[in-house]
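These protein sequences, in sequence, are chains A and B.
Counting from 2, one number per residue, gives the positions in the first sequence under this note's numbering.
Counting from 2, one number per residue, gives the positions in the second sequence under this note's numbering.
Backbone N, C-alpha and C define an ideal beta-carbon position, used for all residues, glycine too.
Note that the structure is a prediction, hence the values are computed from the model and not measured.
Protein chains: 2
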Amino acid sequence: MTQTRTTRLERGRAALGPALELVHTGRAPTRAVLTAELGVTRATAGAVAAELEALGLIQVDARPTAAAGSQGRPSHRLSVAPDGPVVLAAQIHADGYRAALVGLGGRMVATAPGCMTVPADPSHIIDAVVEAGAALLADSGRPCLGAGLAVPSAVAEPDGTALNPLHLSWPAGAPVRDLFTRALEKAGLRGPGGTPLTGVAGNDVNLAALAEHRHGAGRGARHLLCVATGHRGVGGALVLDGRLHTGSAGLALEVGHLTVNPAGLPCHCGSRGCLDVEADPLAFLTAAGREPGPSGSLLQQSRELLRTEYADPTVRAAAERVVDRLGLGLAGLVNILNPDRVVLGGLHRELLEADPERLRAVVADRSLWGRSGSVPILPSTLDHNSLVGAAEAAWQPVLDDPLAALG
Amino acid sequence: MTQTRTTRLERGRAALGPALELVHTGRAPTRAVLTAELGVTRATAGAVAAELEALGLIQVDARPTAAAGSQGRPSHRLSVAPDGPVVLAAQIHADGYRAALVGLGGRMVATAPGCMTVPADPSHIIDAVVEAGAALLADSGRPCLGAGLAVPSAVAEPDGTALNPLHLSWPAGAPVRDLFTRALEKAGLRGPGGTPLTGVAGNDVNLAALAEHRHGAGRGARHLLCVATGHRGVGGALVLDGRLHTGSAGLALEVGHLTVNPAGLPCHCGSRGCLDVEADPLAFLTAAGREPGPSGSLLQQSRELLRTEYADPTVRAAAERVVDRLGLGLAGLVNILNPDRVVLGGLHRELLEADPERLRAVVADRSLWGRSGSVPILPSTLDHNSLVGAAEAAWQPVLDDPLAALG
DNA sequence: CTATTTTGTTCAGCCGCGGCACAAAGTGAG
DNA sequence: CTCACTTTGTGCCGCGGCTGAACAAAATAG
Numbered sequence: 002m003t004q005t006r007t008t009r010l011e012r013g014r015a016a017l018g019p020a021l022e023l024v025h026t027g028r029a030p031t032r033a034v035l036t037a038e039l040g041v042t043r044a045t046a047g048a049v050a051a052e053l054e055a056l057g058l059i060q061v062d063a064r065p066t067a068a069a070g071s072q073g074r075p076s077h078r079l080s081v082a083p084d085g086p087v088v089l090a091a092q093i094h095a096d097g098y099r100a101a102l103v104g105l106g107g108r109m110v111a112t113a114p115g116c117m118t119v120p121a122d123p124s125h126i127i128d129a130v131v132e133a134g135a136a137l138l139a140d141s142g143r144p145c146l147g148a149g150l151a152v153p154s155a156v157a158e159p160d161g162t163a164l165n166p167l168h169l170s171w172p173a174g175a176p177v178r179d180l181f182t183r184a185l186e187k188a189g190l191r192g193p194g195g196t197p198l199t200g201v202a203g204n205d206v207n208l209a210a211l212a213e214h215r216h217g218a219g220r221g222a223r224h225l226l227c228v229a230t231g232h233r234g235v236g237g238a239l240v241l242d243g244r245l246h247t248g249s250a251g252l253a254l255e256v257g258h259l260t261v262n263p264a265g266l267p268c269h270c271g272s273r274g275c276l277d278v279e280a281d282p283l284a285f286l287t288a289a290g291r292e293p294g295p296s297g298s299l300l301q302q303s304r305e306l307l308r309t310e311y312a313d314p315t316v317r318a319a320a321e322r323v324v325d326r327l328g329l330g331l332a333g334l335v336n337i338l339n340p341d342r343v344v345l346g347g348l349h350r351e352l353l354e355a356d357p358e359r360l361r362a363v364v365a366d367r368s369l370w371g372r373s374g375s376v377p378i379l380p381s382t383l384d385h386n387s388l389v390g391a392a393e394a395a396w397q398p399v400l401d402d403p404l405a406a407l408g
Numbered sequence: 002m003t004q005t006r007t008t009r010l011e012r013g014r015a016a017l018g019p020a021l022e023l024v025h026t027g028r029a030p031t032r033a034v035l036t037a038e039l040g041v042t043r044a045t046a047g048a049v050a051a052e053l054e055a056l057g058l059i060q061v062d063a064r065p066t067a068a069a070g071s072q073g074r075p076s077h078r079l080s081v082a083p084d085g086p087v088v089l090a091a092q093i094h095a096d097g098y099r100a101a102l103v104g105l106g107g108r109m110v111a112t113a114p115g116c117m118t119v120p121a122d123p124s125h126i127i128d129a130v131v132e133a134g135a136a137l138l139a140d141s142g143r144p145c146l147g148a149g150l151a152v153p154s155a156v157a158e159p160d161g162t163a164l165n166p167l168h169l170s171w172p173a174g175a176p177v178r179d180l181f182t183r184a185l186e187k188a189g190l191r192g193p194g195g196t197p198l199t200g201v202a203g204n205d206v207n208l209a210a211l212a213e214h215r216h217g218a219g220r221g222a223r224h225l226l227c228v229a230t231g232h233r234g235v236g237g238a239l240v241l242d243g244r245l246h247t248g249s250a251g252l253a254l255e256v257g258h259l260t261v262n263p264a265g266l267p268c269h270c271g272s273r274g275c276l277d278v279e280a281d282p283l284a285f286l287t288a289a290g291r292e293p294g295p296s297g298s299l300l301q302q303s304r305e306l307l308r309t310e311y312a313d314p315t316v317r318a319a320a321e322r323v324v325d326r327l328g329l330g331l332a333g334l335v336n337i338l339n340p341d342r343v344v345l346g347g348l349h350r351e352l353l354e355a356d357p358e359r360l361r362a363v364v365a366d367r368s369l370w371g372r373s374g375s376v377p378i379l380p381s382t383l384d385h386n387s388l389v390g391a392a393e394a395a396w397q398p399v400l401d402d403p404l405a406a407l408g
């Protein structure tokens, strides 16, 4: 037998992927910075940039803008290609869906929301969101390199099934990844060269964390912990060295069942006082003595209450109660994960902004050492971060190996 | 200025490090397997193996043993060099210290225990263990490539200071890494070419996890969670894709303050019913109604009790109580980290072996999905795993880049 | 003993990349 | 404006690691 081996996909320029990621995340605004970040010679960086430009992924400005106050020849500016390829991002939430086209750099090119009560059969809404995305794509005329789907449920790997669609009526174990891929096929969406698109699916909080890490409040963090709450329950996510940590089966960071109030409310998990039932919008509304509305509007209702009636002592006390519980949960997570940054989303973001010091104090107090307790806790900064995160997941193969993904 | 750049340490054969690691961990018993694992051609694998042999790190058997039941030319066998270089491993525990020389493959070449009450000044005992190691080294006549120290405390990065020497009388923030390095210098230990040795220091449970992952019960796991208890308190560690996850400041996996018994004993952290006070040897002895002995012997005392009097209903009930608490803590960790294997050390190992089903049932019951709950829970299998782990940490630079570490 | 299978070895050639020299494009001093 | 200086871009050469292929070696099967 003549000598065969596994095809080396990373063939060609090894620095192509890292270089694209640097431009994508805005960490390489010029070719000079790119050279330094990659740790290669200027010659190599130049060749890499030229190759990425030839692939239509980035743009190298021929007319470099002079950097103020610095001497020497100004470096060429790098940016993502303004009319380059996009990926299809889709999100399903309690109120309906949203489709979007997202280019490199997290730029949302087009977006289309859709309201509907989520039906028991996940394939219907997945088909709907993909069709909306296909329409956007047809309008834009730009090539599509991938597709990502965010769902409000844990997604098991490697099968891509939704395990706990808590506030959806989906059956447990719905094969959302495969349904998504099939919907892409049905909608006639194709990748470069007519190859079929393979969809990726993930938990919305996980994907939001990825987006915040690349383009939002988590930028530059080595170990980023995100915690967020939508309508019911609390989700977590961890980004380690730029990669989402989903655990061995995609089930990591199920933080909802940390005990934060030993004498608290019973939880469906069998315990009492879990974060899930002590620090979500429903808990806030209940503590404030308000009648919770329909489950798909709990977040809006809570935000409204927080914004308009925070002066009311009852509301304020309810907020502080939730913040204290959340702080206990965060302290536990900080002790276990020791992140260098924490970003809060959903209602937790508003609660943090309402009283940043209280939450930070609780976390610092219950963390084991001042050092780990002094971790910065920031509100999320991206709109539609789950959607952008779904796009990030879809971009990943391109970032890992641009040649293979486009060739 | 002529073009300079950061020296590319990984210059030369890029596959040298991975190849050494494969032999080191026993995953490349033959050159043919090495070829497949590295994903290179036979020619390259041959060159790499020859180079590692020339460096004195591995041995390539000229007379390959025929593999039974397979055709074709038998492949050369690979093994670590029997008289190759070693690293110095040191451990400090409640009863004293232990020094050892450890070769590649986790082979303990020589070891020397030392009993002493740990003095308040950490430099004394660190000097003592290094001197013991230096004596072993002089006897062996083998070159020393590194040194690692395991301490029963969290070690903060990047400064290498011991933060919570719980059952030692050390001051908080003792610079153990620097004290260790200085002791190595004082003892006249030198690396290849007379370069000074830089010591590495780590938490004993963290290092034990590393050892179990490379050579023990954790072999092959992608996400390995280790939990162990020595005399007081509970420690945890996580190995992700072969690397220890120590968090952004070395403080990750401080699992001792997970709440596992809301109505439990008060803990110095301010909460009640923490894992630290509910699932350590002291908790077991107390629950069994025994008078705890001196703090440095709690583990022995507990083991003794478990082995000789497990038939006693009081002892058994105490064990089950601790197992139940431990199970709650493990379930919480499994929900957050979703490892694909759990390894228990110290007294937890004996408790697991006494009644494997009970612990597994508790974990499965409190894990969110059967899938993550069905994670295998195994007892540790290595003797002196913290010591071997200290050696692993010391070997790491060599495994990462053999040429740079030896050149 | 021959055919087959699997592995080791040698060698030529490609190609990525470093190093260098030089050009280009800016700032600042006089 | 000119000149010195600094920083960046580009073309070219050469090294060296790695692939690919042909060939040799060492075992088993029949």
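Anticipated Cβ contact below 8 Å, residue i with residue j, distance rounded
i         : j         : result
Glu279(B) : Gly294(B) : Wrong, their Cβ atoms sit about 20 Å apart, outside the cutoff.
Ser76(A)  : Pro65(A)  : 6 Å
Ala238(A) : Ala210(A) : 3 Å
Val261(B) : Ala202(B) : At roughly 30 Å, the Cβ-Cβ gap does not stay under 8 Å, so Val261(B) and Ala202(B) are not in contact.
Leu348(B) : Arg317(B) : In fact, because the Cβ distance is near 15 Å, the residues do not count as touching under 8 Å.
Leu53(B)  : Gly85(B)  : With a Cβ gap of about 10 Å, Leu53(B) and Gly85(B) do not count as contacting.
Arg74(A)  : Thr31(A)  : About 11 Å separates the two Cβ atoms, so there is no contact after all.
Interface flag, residue i vs chain A, CB-CB below 8 Å
i         : result
Cys227(B) : no
Asp341(B) : yes
Cys275(B) : no
Ala249(B) : The amino acid at residue 249(B) is misidentified as Ala; the sequence shows Ser. It does; some Cβ of chain A falls within 8 Å.
Cys116(B) : no
Proximity test, Cβ basis, 8 Å: residue i and chain B
i         : result
His214(A) : no
Val256(A) : yes
Ile378(A) : no
Gly203(A) : no
Ala16(A)  : no
Pro263(A) : yes
Ala253(A) : yes
Gly333(A) : yes
Arg223(A) : yes
Trp171(A) : no
Asn336(A) : yes
Thr260(A) : yes
Trp396(A) : no
Leu35(A)  : no
Cα-Cα separation between residue i and residue j, rounded to whole angstroms
i         : j         : result
Leu102(A) : Leu254(A) : 28 Å
Leu360(B) : Val152(A) : 33 Å
Arg191(B) : Ala135(B) : 10 Å
Ala391(B) : Asp401(A) : 34 Å
Thr230(B) : Leu345(B) : 9 Å
Thr5(A)   : Ala16(A)  : Per-residue confidence for Thr5(A) stands at a pLDDT of 48, beneath the threshold of 50, marking its modelled position as unreliable; the derived number appears in the next sentence. Looking at the two C-alpha atoms, the distance is approximately 25 Å.
Leu58(A)  : Arg108(A) : 13 Å
Asp277(A) : Ala218(B) : 34 Å
Pro267(A) : Val228(A) : 22 Å
Val256(A) : Leu327(A) : 11 Å
Ser296(B) : Pro197(B) : 37 Å
Glu321(A) : Ala284(A) : 12 Å
Under 8 Å between C-beta atoms of residue i and residue j
i         : j         : result
Pro403(B) : Leu21(B)  : yes
Leu226(B) : Pro357(B) : no
Leu35(B)  : Ala46(B)  : yes
Next item on the list: Take every Cβ of the stretch 171 to 188 of chain A, pair it with every Cβ of the stretch 211 to 226 of chain A, and state whether three or more of those distances are shorter than 8 Å.
Entry: Not touching, per the Cβ criterion.
Notebook entry, point to check: Any chance the stretch 180 to 190 of chain A sits against the stretch 140 to 156 of chain A, with 3 or more Cβ pairs inside 8 Å?
Noted result: yes
Item checked: Sufficient close CB pairs (3 or more, under 8 Å) joining the stretch 317 to 336 of chain B to the stretch 295 to 302 of chain B -> As far as the Cβ criterion goes, the stretch 317 to 336 of chain B does not touch the stretch 295 to 302 of chain B, which means the pair count is below three.
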